[in-house]
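Asker: Structure in structure tokens, see below.
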Amino acid sequence: MNKKFYRVGLRIVVLTIVILYGYQMARVSYATGLENKPDEENMVDVEDDTIDDEGQNIVEEDEPSELEGTVLPDAIQCNDMLAEEIHKLKIFNKRGKVLKVGEKGDLVKSLHMLLKWLHYDVDETSSLFSAQTEAAVIKFQQDHSMKGTGIVDKLAYIRLNDYLHHSRMAYDYMDYDVKIGPTEDYWIIINKTTNVLQLYKGKNRLRVYRVATGRYPSYTPEGQFKIANKLVNAAWKDVPGGVATNPLGSRWMGLTIGNHTTYGIHGCGRPESIGTYASAGCIRMYNFQVEELYDLVPVHTPVWIGTTDKIEAWVKALHKTHEAILKKQEESKMAFYEDLMPLLLEPYVHEALIQYYGEVTPSRTVDIIRIEHKEQHKGCLTIILEVMLHNEMQVGVEKEYLITTIDLLNNKQEVAHYEL
Numbered sequence: 000m001n002k003k004f005y006r007v008g009l010r011i012v013v014l015t016i017v018i019l020y021g022y023q024m025a026r027v028s029y030a031t032g033l034e035n036k037p038d039e040e041n042m043v044d045v046e047d048d049t050i051d052d053e054g055q056n057i058v059e060e061d062e063p064s065e066l067e068g069t070v071l072p073d074a075i076q077c078n079d080m081l082a083e084e085i086h087k088l089k090i091f092n093k094r095g096k097v098l099k100v101g102e103k104g105d106l107v108k109s110l111h112m113l114l115k116w117l118h119y120d121v122d123e124t125s126s127l128f129s130a131q132t133e134a135a136v137i138k139f140q141q142d143h144s145m146k147g148t149g150i151v152d153k154l155a156y157i158r159l160n161d162y163l164h165h166s167r168m169a170y171d172y173m174d175y176d177v178k179i180g181p182t183e184d185y186w187i188i189i190n191k192t193t194n195v196l197q198l199y200k201g202k203n204r205l206r207v208y209r210v211a212t213g214r215y216p217s218y219t220p221e222g223q224f225k226i227a228n229k230l231v232n233a234a235w236k237d238v239p240g241g242v243a244t245n246p247l248g249s250r251w252m253g254l255t256i257g258n259h260t261t262y263g264i265h266g267c268g269r270p271e272s273i274g275t276y277a278s279a280g281c282i283r284m285y286n287f288q289v290e291e292l293y294d295l296v297p298v299h300t301p302v303w304i305g306t307t308d309k310i311e312a313w314v315k316a317l318h319k320t321h322e323a324i325l326k327k328q329e330e331s332k333m334a335f336y337e338d339l340m341p342l343l344l345e346p347y348v349h350e351a352l353i354q355y356y357g358e359v360t361p362s363r364t365v366d367i368i369r370i371e372h373k374e375q376h377k378g379c380l381t382i383i384l385e386v387m388l389h390n391e392m393q394v395g396v397e398k399e400y401l402i403t404t405i406d407l408l409n410n411k412q413e414v415a416h417y418e419l
């Protein structure tokens, strides 16, 4: 009997543990809306993405370079021959073995394959960390704002993992059918629904990046902002820039929200979070992509952040405003021409009266009724004139219509009677 009660009691305890575990997992999944949720409890920036820019130097801006083409979703130039092998590589353990000259094994070979894929000079078939490998690692580190030590440590693993995660990322994005931008220069759309950042220049889309936004919808502010400041290897709280534990990665672009240091577009130390809802409000990017974006966009670049519906509404409103401006400009242009044309055509009207009546007298007044121009007759204008003959009391007693054809290219003009 005691054994029976013991077995029943044990089953109840095990069932209770399973239920509680299942509830906890369901609660986490519901809260984030993600099936593969990043380990946020260990994320350095879990509480706040505010940076401490004390002691940091604002980077002087260079003129952004022109980009060729209009749709360039991926700027990375890689070795296509190794693409399939790269997809098979395991994500590096950032807390794994530190690699340096003399190390051997499969981990070194994986490193070689990834570096070769990125067009660094290494032997992708070798499992030995050689002097050639060290030189390639130094170049990779320098290219990604790291100290060129030639040693693959935690920070180097994080930067390398950016590329591995990116190679597995799908790039679906919205086409907003932008006909005009808020500026003819660079501007940015960040869609919180799809976690996609798109870079435009005027109406042309130039880049598409996957990003991470706030863990909850309210975390990442929505609105039309601008880039307020730019920093390389920005510090975060008490964490210096350029180290593996800094959640801001290699670049920071603060937005015109609050004190300009609370929300921004930045790199990250957790590339696995890109494409998810994971931040405390900032917009995270792969470090190599935020470096590319950083070099392109200057301070004051417009940044629109919102859901799909909100962004589409903003784009439509921009189009509507633009159409209204164009209509007003066209009306203003027509009014200008209406005022100007009689002055421009006065010599031709004078010539028409002389040809038809033999003279120009004050007793005849002329109004231009219509001006016609046919595409097939380049350089030719047709003008319909209303001629009024006045008596001595300045009362119109006779009205006649004339048609005059002007060949501007050959300097010819003909005139005849016209019936309305």
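Numbering (numbering that gives the first Met the number 0), first residue to last: 0 to 419.
Every residue, glycine too, gets a C-beta built ideally from N, C-alpha and C.
Rounded to the nearest angstrom, how far is the Cβ of I137 from that of K99, given a contact under 8 Å?
Answerer: Sequence index remark: in the sequence shown, residue 137 carries index 138 (1-based). Sequence index remark: in the sequence shown, residue 99 carries index 100 (1-based). So it is not a contact: roughly 12 Å between Cβ atoms.
Asker: Compare the Cα-Cα distances from D105 to each of N92, S126, I85 and report the closest residue.
Answerer: Start at 1 with the first residue of the sequence shown, and residue 105 comes out as number 106. Nearest option by C-alpha distance: S126.
Asker: DSSP three-state call for N424: helix, strand or coil?
Answerer: No information on residue 424 is available, as it lies outside the stretch 0 to 419 that the chain covers here.
Asker: Judging by CA-CA distance, which residue of I368, V107, K373 is the nearest neighbour of G95?
Answerer: Numbered from its first residue, the sequence shown carries residue 95 at position 96. For G95, the nearest C-alpha among the options comes from V107.
Asker: For M340, which option in G357, W116, R369, I324 has the closest C-alpha, if you only look at C-alpha atoms?
Answerer: For the purposes of this step, residue 340 is taken as residue 341 along the sequence shown, with counting starting at 1. For M340, the nearest C-alpha among the options comes from R369.
Asker: Could you check whether T192 and T307 sit closer than 7 Å to each other, using their CB atoms as the reference points?
Answerer: The count along the sequence shown starts at 1 and reaches residue 307 at position 308. The count along the sequence shown starts at 1 and reaches residue 192 at position 193. In contact: T307 and T192 (Cβ atoms closer than 7 Å).
Asker: When burial is assigned at 16 or more other CB atoms within 10 Å of the CB, is H165 buried or exposed?
Answerer: In the sequence shown, residue 165 corresponds to position 166, counting from 1. The residue is buried, with at least 16 neighbouring Cβ atoms inside 10 Å.
Asker: Keeping to the same chain, check which residues put their C-beta closer than 7 Å to that of T182; ignore five residues upstream and five downstream.
Answerer: On the sequence shown, residue 182 is found 183 positions in, with the first residue counted as 1. Same-chain partners within the cutoff: P301.
Asker: Looking only at C-alpha atoms, which of Y170, I85, V365 sits nearest to V207?
Answerer: For the purposes of this step, residue 207 is taken as the residue at position 208 of the sequence shown. Comparing Cα-Cα distances from V207 to each of Y170, I85, V365, the minimum goes to Y170.
Asker: Where M173 and H318 are concerned, what is the direct C-alpha to C-alpha distance, given to the nearest angstrom?
Answerer: Position 174 of the sequence shown holds residue 173. Position 319 of the sequence shown holds residue 318. Near 17 Å, if we compare the C-alpha coordinates of H318 and M173.
Asker: Measure the C-alpha to C-alpha separation of K332 and M252 and round it to an integer number of angstroms.
Answerer: Position 333 of the sequence shown, counting from 1, holds the residue named residue 332. Position 253 of the sequence shown, counting from 1, holds the residue named residue 252. Distance between the alpha carbons of K332 and M252: 42 Å.
Asker: On the three-pair Cβ rule with 8 Å, is the stretch 353-362 touching the stretch 372-380?
Answerer: Touching, no.
Asker: Assign Q197 to buried or exposed, taking buried as 16 or more other Cβ atoms, counted over all protein chains shown, within 10 Å of its Cβ.
Answerer: The residue you call residue 197 lines up with position 198 of the sequence shown. Classification for Q197: buried.
Asker: Give me the Cβ distance between G240 and N286, rounded to the nearest whole Å; I'm assuming they're in contact under 8 Å.
Answerer: Along the sequence shown, read from residue 1 onward, the residue named residue 240 stands at position 241. Along the sequence shown, read from residue 1 onward, the residue named residue 286 stands at position 287. Between N286 and G240 the Cβ distance is about 12 Å, and since that is not below 8 Å, they are no contact.
Asker: What is the rounded straight-line gap between the Cα of I226 and the Cα of W303?
Answerer: On the sequence shown, position 227 is the one that residue 226 refers to. On the sequence shown, position 304 is the one that residue 303 refers to. Whole-angstrom Cα-Cα distance: 10 Å.
Asker: Looking at the structure shown, is R158 part of a helix, part of a strand, or coil, going by DSSP?
Answerer: If you number the sequence shown from 1, residue 158 lands on position 159. Looking at R158 - three-state DSSP - the assignment turns out to be helix.
Asker: Between T364 and the rest of its own chain, which residues show a CB-CB distance below 6 Å, the 5 nearest in sequence each way excluded?
Answerer: Here residue 364 corresponds to residue number 365 of the sequence shown, with the count starting at 1. Answer for T364: M387, listed in chain order.
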